[in-house]
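Numbered by our numbering, the letters in the sequence shown go through residues 312 to 378 in order. In what follows, a single structure is set out as structure tokens and then discussed.
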Amino acid sequence: MPVAVVPESFLKKQKRSEEWAVTKKVEIEALKKRNAANRKLIFNRAKQYTQEYESQQKELIQLKREA
């Protein structure tokens, strides 16, 4: 039974592709974590802005009632 001979360049390319896939996976995971943190920050800021706006509206209504 003959042994299949694989060119060295093919083996190098395969190894390089596997290394790139690993680094790409790590980069994607880091990007997902960063995006999740940014989404959480944006959500909290929006929540804070709405609370400030509501308090301003309540204060304005109270001042109009007093006037």
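Think of the CB as a built atom: it goes at the ideal place given N, C-alpha and C, for glycine as much as any other residue. All values reported here derive from a predicted model rather than from experimental measurement.
In angstroms with no decimal places, state the Cα-to-Cα distance between residue i and residue j.
| i | j | result |
| --- | --- | --- |
| Ala332 | Pro318 | 21 Å |
| Leu374 | Gln362 | 18 Å |
| Lys358 | Val337 | 32 Å |
| Ala341 | Arg350 | 14 Å |
| Val314 | Leu322 | 16 Å |
| Lys335 | Glu329 | 10 Å |
| Lys344 | Arg356 | 19 Å |
| Gln367 | Ile353 | 21 Å |
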